[in-house]
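*Asks:* What follows is a single structure, and I will ask about it in a moment.
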Amino acid sequence: MDLLISETQALNWKDNPLPLYHCSLDAARNLNLTLIGKLISLKTASKSHVGLCLQRAWRFLESLSIAHMGPNIFLFKFKFEIYVKKVLDQTPWNINGHPLFLQSWDPEVPLEEIDFSLGAYWI
């Protein structure tokens, strides 16, 4: 136990500092490349499962970055704005039959305040 305590106390960030970047105009432009989505399901989906399903559905994408934001809430970062438009234009999306509600992401709005109660459906 003493060895574990001494090794833990020796941990530091001196050798691997965490770089911090100033938010620039480029970062603000990147907000147009980001969507937030909620999977409507009683079962919690993993980021990897959502990613695999969407890779098949969104074959037109060159790259997609997914971040897990909360239970069945995911942040999708696209490479080009045209991909964001295409994904939104082709809604509704689903994962294994469960609806995925997508919308533009505003980082100023807390997750708890994002309204996922409305979504598009084909009739």
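If you use the numbering used here, the sequence shown corresponds to residues -10 to 112, in order. Think of the CB as a built atom: it goes at the ideal place given N, C-alpha and C, for glycine as much as any other residue.
Does the beta-carbon of LYS27 have 16 or more other beta-carbons within 10 angstroms, so that it is buried, or is it exposed?
*Replies:* Classification of LYS27: buried, given that the 10 Å Cβ count is 16 or more.
*Asks:* Using DSSP bridges, identify the partner residues of PRO88.
*Replies:* PRO88 pairs with ASN83.
*Asks:* Entirely within the segment 19 to 86 and at least 3 residues each: give me those beta strand (DSSP E) ranges in chain order.
*Replies:* Entirely contained in the segment 19 to 86, the beta strand (DSSP E) runs reaching 3 residues are, in chain order, 23 to 28, 53 to 59, 62 to 67, 82 to 84.
*Asks:* My understanding is that LYS36 touches SER54, with C-beta atoms under 8 angstroms, so please give their C-beta distance in whole angstroms.
*Replies:* Their Cβ separation, rounded to whole angstroms, is 10 angstroms, which puts LYS36 and SER54 out of contact at 8 angstroms.
*Asks:* Tell whether a beta-carbon distance below 8 angstroms holds between ILE25 and ILE103.
*Replies:* The answer is yes: Cβ separation under 8 angstroms.
*Asks:* Do you know whose CA, among LEU91, GLN79, LYS75, lies nearest LEU107's CA?
*Replies:* Checking every option, the nearest Cα to that of LEU107 belongs to LEU91.
*Asks:* Since VAL39 contacts PHE63 with CB under 8 angstroms, what's their CB separation in whole angstroms?
*Replies:* About 6 angstroms separates the two Cβ atoms, so the contact holds.
*Asks:* How is SER(-5) classed by DSSP in three states: helix, strand or coil?
*Replies:* Here SER(-5) sits in helix by DSSP.
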